[in-house]
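Let me begin by presenting the structure, written as structure tokens, before commenting on it.
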Amino acid sequence: MSRLYLDHNATTPLRAEARRAMIDALDVVGNPSSVHAEGRAAVALKEQARAKIATAFGAEEAEIVFTSGATEAAAMALAGRGLDCAGVEHDCVSAWCHPVLKADRSGRVAVNAPERTALQVANSETGVIQDLPLGIAVSDAVQAAGKIAWRFDQSGAQMAFISAHKFGGPKGIGALILRRGLEVAAFLKGGGQEMGRRAGTENLIAIAGFGAAAETAARDVTLGRWEEIAEFRNILETALEAGSDGLIFVGMDEERLPNTSCVITPGWEGATQVMQMDLAGYAVSAGSACSSGKVKTSAALRSMGFSASEAGQAMRVSLGLETTKEDVLRFADAWRVKRKRHGQRAA
């Protein structure tokens, strides 16, 4: 039986449209900083992609700065600002902020001073979606972009960042989006690329894939394709719960990403679940891809009030647009078998 990939919040398969755009970009030989015809062709390709991303996510083209990914974009937005955040934020945000804000057991964060706060749109581990207050300083939109109808111009954020590989684009390319009139200090200096905000020859091939993926991802949201995935997520949770007492579905009563389920199984370590399901042919995770495999429990779940033991027993299943009802039921059946065997061994 073929393997089943259920870790789309970590990364997504490359969309066919992005692959085609990247292959076509391989034949564009010019440097975007060159003024000759070949250079102008490269610039045109780059700006076409920027326009697609701007349209897809409700931004102006001049507000988009290409980066190597969300981590770099977060650093550009956050370094030296001393903003406040909650412990549910991704490490690329909490590394630069003061984690003083509180999240409740459902993952919702209370914000007092938006202009001094970094707040994610949606959590990568639980899928819980926040209500962003107007004027929030910086927002991590990595998990939201391409899964829900998120638009920068309606988000209330002064700056936000996204990553292409979370919605079918290539890895290693992302963007910082900042309101017109705002500026950030350039980390990389030595050239005038990206309106002076990020020096260095642009990754034209990845940018082309980024633009194509953004365009098709936005189309899928508009067409309501994720609504069916939300139904499959709910079917999955019902199936997991059948015959297994004491499960905790984190954030179940809150608005969540349509594809994300975070389940705590008492007495069964999340890392063990991941390994056992991997051997059975299923790819899931025990939390954020940047934290999985490290000897620590989920900071997000701990900040929500879960104990270290509970946080260590969490498993995340994140579905993709190609996931079917049969897929989730097949996974649930296999998980219940492993759960039963683990309980028997523990007894």
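In this note's numbering, the protein residues as written are 1434 to 1780.
All C-beta atoms, glycine included, are put in the ideal place defined by N, C-alpha and C.
Beta-carbon contacts of residue i that lie in its chain and below 7 Å, excluding the five residues immediately before and after
i	result
A1458	L1478, L1637, I1638 and A1641
A1608	I1486, I1497, V1498, F1499, T1500, A1506, F1594 and I1595
K1622	A1632
E1648	K1485 and A1489
Same chain only: Cβ atoms within 6 Å of residue i, ignoring 5 sequence neighbours per side
i	result
Y1438	A1716
A1651	A1489
G1684	S1539, G1540, T1559 and V1561
Proximity to residue i [Cα-Cα], best of the options
i	options	result
I1581	R1483, T1500, K1773 and A1663	A1663
T1559	A1732, G1605 and A1645	A1732
G1745	M1708, T1730, R1735 and E1759	T1730
E1670	A1519, I1562 and I1697	I1697
E1661	G1753, R1652, F1620 and G1605	G1753
M1710	D1686, F1764, S1677 and Q1587	F1764
K1771	A1543, P1446, R1448 and G1676	G1676
Buried versus exposed, by CB contacts within 10 Å (16 or more), residue i
i	result
P1603	buried
Q1553	buried
E1450	buried
E1743	buried
K1773	exposed
L1567	exposed
P1691	buried
K1758	exposed
Q1587	exposed
G1700	exposed
F1620	exposed
Collapsed DSSP secondary structure at residue i in the structure displayed
i	result
M1434	coil
F1547	It is Pro, not Phe, that sits at residue 1547 in the sequence shown. Of the three classes helix, strand and coil, the one that applies to P1547 here is helix, per DSSP.
T1649	helix
A1704	helix
M1592	strand
S1724	Model confidence at S1724 stands at a pLDDT of 49, short of 50, so the residue's coordinates are unreliable and nothing is read from them.
Can you find at least 3 beta carbon pairs, one from the segment 1603-1618 and one from the segment 1481-1499, that sit closer than 8 Å? Judged by Cβ distances under 8 Å, the segment 1603-1618 makes contact with the segment 1481-1499, as three or more pairs qualify.
How do the segment 1480-1487 and the segment 1641-1650 stand: do at least 3 beta-carbon pairs fall below 8 Å, yes or no? Three or more beta-carbon pairs separated by less than 8 Å link the segment 1480-1487 to the segment 1641-1650, which places the two stretches in contact.
Meets three-Cβ-pair contact criterion under 8 Å: the segment 1507-1522 and the segment 1541-1551: The segment 1507-1522 vs the segment 1541-1551: in contact.
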